[in-house]
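Residue numbers (the numbering used here): 147 to 229. Just so you know, even glycine gets a beta-carbon here, dropped at the ideal spot from N, CA and C. Predicted model, so just to flag it, every value in this text is computed and none were measured.
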Amino acid sequence: MQDIETSKKEFIGLQVTTKVHDWLDEVVKASRRKKGRKLPKQVLIQAGIELLRAMPVDWTEVGDIEELRNKLSQVVRLVEERQ
Numbered sequence: 147m148q149d150i151e152t153s154k155k156e157f158i159g160l161q162v163t164t165k166v167h168d169w170l171d172e173v174v175k176a177s178r179r180k181k182g183r184k185l186p187k188q189v190l191i192q193a194g195i196e197l198l199r200a201m202p203v204d205w206t207e208v209g210d211i212e213e214l215r216n217k218l219s220q221v222v223r224l225v226e227e228r229q
C-alpha cells in the first residue's frame, strides 16, 4: 500500500451507505481503543481501493452495477478458494 501520509493526494467527493459509514466509525473507534491512535477513514478507504486494484480483474470491463456485482463475486470466490 502506498504511504498515504507522504503520497500526493487528490480530493474526491464520496458518499457511502449508512451501514458502511457506521462500520468505518466502529473500526476507527476500535483502533483508537486498542492501539491508542486513530486510523482515519480515508486510510481504510484507500486500502480497500488498493485491494481492488490488486485483484486479477479488469475493472475497465465493468459497465454497470450488475457487472460490478459479478466481478466482486468472482473476487470472493478466488479468495475463498485460496483459504
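Rounded to whole angstroms, what is the Cα-Cα separation between leucine 218 and aspartate 210? 12 Å
Length of the line joining the Cα atoms of alanine 200 and arginine 179: 30 Å
Contacts around valine 203, its chain only, beta-carbon distance under 8 Å, and the 5 residues preceding and following it disregarded: Lys217, Gln220 and Val221
Could you tell me which of Gly159, Arg183, Ile191 and Ile158 sits nearest to tryptophan 169, measuring between CA atoms? Ile191
Can you tell me where the alpha helix (DSSP H) with valine 189 in it begins and where it stops? 187-200
Could you pull out every residue in the same chain whose Cβ sits closer than 8 Å to the Cβ of leucine 185, ignoring the five residues on either side in sequence? Val173, Val174, Ser177 and Arg178
For lysine 187, which residues in the same chain have their Cβ closer than 7 Å to its Cβ, ignoring the five residues on either side in sequence? Leu170 and Val174
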